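Read top to bottom, the protein sequences are chains Z and C. Throughout the first sequence, residue numbering follows the numbering used here, covering 1 to 454 in sequence. Throughout the second sequence, residue numbering follows the numbering used here, covering 1001 to 1454 in sequence. Don't be surprised by glycine CBs; every beta carbon is placed ideally from N, CA and C. Fair warning: this is a prediction, and the values are worked out from it, not measured in the lab. Inspection log for the structure reproduced underneath, given as structure tokens.
Protein chains: 2
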Amino acid sequence: MSSKPSLARGTRDFGPEKMVKRNYIFDTIKAVFQRFGFQPLETPSMENLSVLMGKYGDEGDQLLFKILNSGNFSEKISQTDLDEGYKKLTTKISEKGLRYDLTVPFARYVVMNRNELPLPFKRYQIQPVWRADRPQKGRYREFYQCDADVVGTDSLICEAEIVMMIQEVMQSLNINFNLKINNRKILSGLSEAIGAAGQEAALAVAIDKLDKIGQEKVMEELAERGFSEEALANLTPVFSITGSNQEKFTKLEELLQTSEVGKKGIEELREMWNYMTAFGVTDENIELDITLARGLSYYTGAIFEVKALDVQIGSITGGGRYDNLTGTFGVPGLSGVGISFGVDRIYDVLEELNLFPNNQAVTTKLLFCHFGKEEQNYTLPLLRAARERGINAEVFPDNAKIKKQLDYADRKKIPFVVIVGSDELQSGLLTLKDMTSGEQFKLSIDDIFAKINE
Amino acid sequence: MSSKPSLARGTRDFGPEKMVKRNYIFDTIKAVFQRFGFQPLETPSMENLSVLMGKYGDEGDQLLFKILNSGNFSEKISQTDLDEGYKKLTTKISEKGLRYDLTVPFARYVVMNRNELPLPFKRYQIQPVWRADRPQKGRYREFYQCDADVVGTDSLICEAEIVMMIQEVMQSLNINFNLKINNRKILSGLSEAIGAAGQEAALAVAIDKLDKIGQEKVMEELAERGFSEEALANLTPVFSITGSNQEKFTKLEELLQTSEVGKKGIEELREMWNYMTAFGVTDENIELDITLARGLSYYTGAIFEVKALDVQIGSITGGGRYDNLTGTFGVPGLSGVGISFGVDRIYDVLEELNLFPNNQAVTTKLLFCHFGKEEQNYTLPLLRAARERGINAEVFPDNAKIKKQLDYADRKKIPFVVIVGSDELQSGLLTLKDMTSGEQFKLSIDDIFAKINE
């Protein structure tokens, strides 16, 4: 019966200390989502493969975790099925998979409930997703996504509000950040304007790597992908668009004056900026960056990317507008815009910069220690009274040496301990020990409660 | 590309309205868990099958959702493997499964972290579990469990605290309830005392059905299972143990005086009751019921079961003490006691008795409606100010007829709407509409905020 247990590869336990920190992040983000009128949604962990397959490209299909059909799944498979290879075989023995992201299940939900949903529909969703990726540092097979999306409107107020939500979350978490904004239409316009119309996908992929590989290598890659010398020469001025955001807008307008789609992209961003001004929001942390591309091909309008300053780490938040979320489910024409906070990376930022708050409400605040059965019994009504005052509290349940009880408080990071011995039984004055400072006080129970609630 | 999407069988979406109600239940339970010193834990959704298999009996093994190995899983399987049947085949193509409950992953976690954990370790865990059961009304393939357990102590204070947690949760949710308590040792003692020593498992299974099938059928079943006529005759007085809990204790002591284990069971319950008294807790909702057995065979001490009054529904909460949680992972001797709240059933109880609170903080409280672009722009700084005051608020993002905007507020159950037209632009006095009463007021924005926060 006995076996040494282990975690499945690429998965993690979150013990109390990590949970408290993670919940701090989730709660902060949730509060902002709610303040902006987003409502919670949860979808099932498993979806029919017909919902998931074909939505994330061939690589995505491979990275889906598939669930074996229950019951006698092998009854109907034969040597012929085996010979046809595992991809075909999968379709015969598996009908369900674990969700790969929150966007496709959201689209499914919207399509299935479109007659009842108030439109525009603003939802947030915080749930784990699963990917059969090769695990490595910082990449897990199970991780949480933390998304907010509005669908059913193309108002650019939504983009402005996403910017504000990012600002509020980052400010609440005390993260210094830089928010880069671009618009996919500007990338399209750019490829038009430089004489490489229709090649915006290749342009986006190459330009996305600018930060990592530099201008020269980007140019090389584009040349390899068949961009003409003339196109590359036309592209060069783009890399030197600098200055304030408004200056960039002016230069960009000049550069893209021959491209309708490009002009539309600028117009959208300008309107978004105007909304931000109307809201009274400054753009000091915000940078128009026309080299920002982001990988996902389904974006069609604004794109966002947030990096933390003061720490070397990839983007911690990203998002954008997509015009055809529900098209693959037969419901075209629903435009949406969304944002996704990368909780694992935000966690690492807060950890590295020591930004987690010290006093977390969730942990136990008070432990009653005692010298024996009689003293323990004496603490029980006091323990109950503490809880009735909203103080998270415990009594050490066993008879044990005080040292062991204090050690328990220490390991659990309990800030206050009350020690009850025979003296205390007689006098009614209890010993309160402040575990942080080491100080001890002789106090009545009411004074103890007051001190803890300070 | 287009397909009509559907939910996987036995799974559910939780839209905003349901989410708000479910979170109300989770938050209530969580607050109580925390007040009693329990800390949060999350374990991965998927576990190695070596961790899960053999822990839930043969039926449980069948009900585990198994995950297909990624990559070319069929490479190494042959016709011979097919011929050997799906159970054997499963072991060749699947190494992981979805968790079936929270207890086994908890045991794995304790074993893997036993050197760092403060003992006793008090954790709560609220996560979904999956079972490949045939879906039916009220039975799902994915559902949340909501557990709290203490391991590493056999102090009966923990049992008393579990009773108090149940009381606090039910009182917070306004559910009238009945809590039945028994002790597995009493059931063992009973089988000893009636002359059927060692048959407590069969006795427990049969007696567990008393509520559903009645005394006569229970007796028939026991006879079929080989209980002698004498044993059955000796058992009869048990069904007429009535009166107050203290009266039951007295009668029970008489009945079980020949059984050491039975006396130990009574002693444990009495001690638990004494702790409750020391805490100052009444036992008015609590009933000693020696016919309570509960299915799970791993309980070894106290067992608990909660039913809601005023509504026909099964048990909504249950738990008990087990002496060997981590034994199957090679770490014997850790005693624990735990409780599990059945969130789906609690939801149904609150729904049926109309006990969900009306004013949920999560939904949007205020919507700004407007007659056009200029008016919309006018609302933006006001919207920002509302949010800065902690009011969850939105602006209707599109230009649309007021009727459509009010309809949106209605569908989203937003209680207050501010309507801005050209009059309002000029006077600065805004129209506030109370969507519940239908009343309208002309107010300054500050008065509006004050009214909403009332």
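Proximity test, Cβ basis, 8 Å: residue i and chain Z
| i | result |
| --- | --- |
| R1108(C) | yes |
| E1042(C) | yes |
| V1111(C) | yes |
| L1102(C) | no |
| N1174(C) | no |
| T1153(C) | yes |
CB of residue i within 8 Å of CB of residue j, strictly
| i | j | result |
| --- | --- | --- |
| V331(Z) | V111(Z) | yes |
| T1326(C) | S1340(C) | no |
| P1135(C) | R1022(C) | no |
| T258(Z) | A204(Z) | no |
| T364(Z) | G1037(C) | yes |
| P1473(C) | P120(Z) | Lying before the first or after the last residue shown, residue 1473(C) is absent from chain C, which here runs from 1001 to 1454. |
| W1130(C) | Y1100(C) | yes |
| E168(Z) | V32(Z) | yes |
| K1055(C) | V1104(C) | yes |
| M989(C) | K1096(C) | Given that chain C is displayed from residue 1001 to residue 1454, the structure contains no residue 989(C) and the question cannot be resolved. |
Test: residue i CB closer than 8 Å to a CB of chain C
| i | result |
| --- | --- |
| P118(Z) | yes |
| K212(Z) | no |
| G135(Z) | It is worth fixing the name first, because residue 135(Z) is Pro in this sequence and not Gly. So, not an interface residue. |
| I157(Z) | yes |
| P16(Z) | yes |
| S74(Z) | yes |
| P357(Z) | no |
| V395(Z) | yes |
| A148(Z) | no |
| V20(Z) | yes |
| S70(Z) | yes |
| V417(Z) | no |
| Y408(Z) | yes |
| M1(Z) | The pLDDT assigned to M1(Z) is 45, lower than 50, so where the model puts this residue is not dependable; a value taken from the coordinates is nonetheless given after this. Interface residue, yes. |
| L398(Z) | In the sequence as displayed, the identity of residue 398(Z) is Asp instead of Leu. At least one chain C Cβ lies under 8 Å of D398(Z). |
| L334(Z) | no |
| N453(Z) | no |
| N234(Z) | no |
Rounded separation between residue i and residue j - CA only
| i | j | result |
| --- | --- | --- |
| F958(C) | T1242(C) | Outside the shown range of chain C (1001 to 1454) lies residue 958(C), about which nothing can therefore be said. |
| A1278(C) | E1161(C) | 12 Å |
| M1001(C) | M53(Z) | Confidence is the limiting factor: at M1001(C) the pLDDT is only 45, short of 50, which leaves the residue's position unreliable, though a coordinate-based value still follows. Each residue's alpha carbon lies about 10 Å from the other. |
| M1272(C) | N1072(C) | 56 Å |
| K1180(C) | I1290(C) | 9 Å |
| G1265(C) | R141(Z) | 46 Å |
| E375(Z) | Y347(Z) | 42 Å |
| E1351(C) | I25(Z) | 31 Å |
| V1343(C) | M1170(C) | 12 Å |
| T1459(C) | I1186(C) | Chain C is shown from 1001 up to 1454; residue 1459(C) falls before or after that span and cannot be answered. |
| Y1408(C) | D27(Z) | 27 Å |
| Q1145(C) | P1128(C) | 6 Å |
| L64(Z) | A132(Z) | 6 Å |
| A1386(C) | N453(Z) | 30 Å |
| A223(Z) | A231(Z) | 9 Å |
| F1304(C) | Y1124(C) | 17 Å |
| V218(Z) | K209(Z) | 7 Å |
| F14(Z) | I126(Z) | 16 Å |
Bridge-paired residues (DSSP) for residue i
| i | result |
| --- | --- |
| I286(Z) | L179(Z) |
| A1302(C) | N1183(C) |
| W1130(C) | E1142(C) |
| Y1457(C) | Because chain C in this structure spans residues 1001 to 1454, residue 1457(C) falls outside the shown range and cannot be described. |
| T1431(C) | I1419(C), K1442(C) |
| M1046(C) | L1098(C) |
| T317(Z) | V306(Z), F341(Z) |
Within chain D, the residues that residue i reaches when beta carbons sit closer than 8 Å
| i | result |
| --- | --- |
| D1344(C) | Protein chains Z and C are contained in the structure displayed, whereas chain D is not. |
- Message: Output needed in chain order: residues of the segment 23-52 of chain Z with a Cβ under 8 Å from some Cβ in chain C.
- Response: Contacts with chain C (Cβ-Cβ distance below 8 Å) from the segment 23-52 of chain Z involve N23, Q34, R35, F36, G37, Q39, P40, L41, E42, T43, P44, S45, M46, E47, N48, S50, V51, listed in chain order.
- Task: Quick one: which residues of the segment 277-302 of chain Z get their C-beta closer than 7 Å to a C-beta of chain C? List them in chain order.
- Result: The segment 277-302 of chain Z vs chain C, Cβ under 7 Å: A278, F279, G280.
- Item | Interface residues of the segment 51-67 of chain Z facing chain C [CB-CB below 9 Å] | Flagged, chain order: V51, G54, Q62, L63, L64, F65, K66, I67.
- Item | Near-chain C residues of the segment 74-91 of chain Z - C-beta to any C-beta below 8 Å | Residues S74, E75, I77, S78, Q79, L82, G85, Y86, L89, T90.
- Query: Which residues, taken in chain order from the segment 363-378 of chain Z, show a beta carbon closer than 7 Å to some beta carbon of chain C?
  - Reply: Cβ contacts with chain C: T363, T364, N377.
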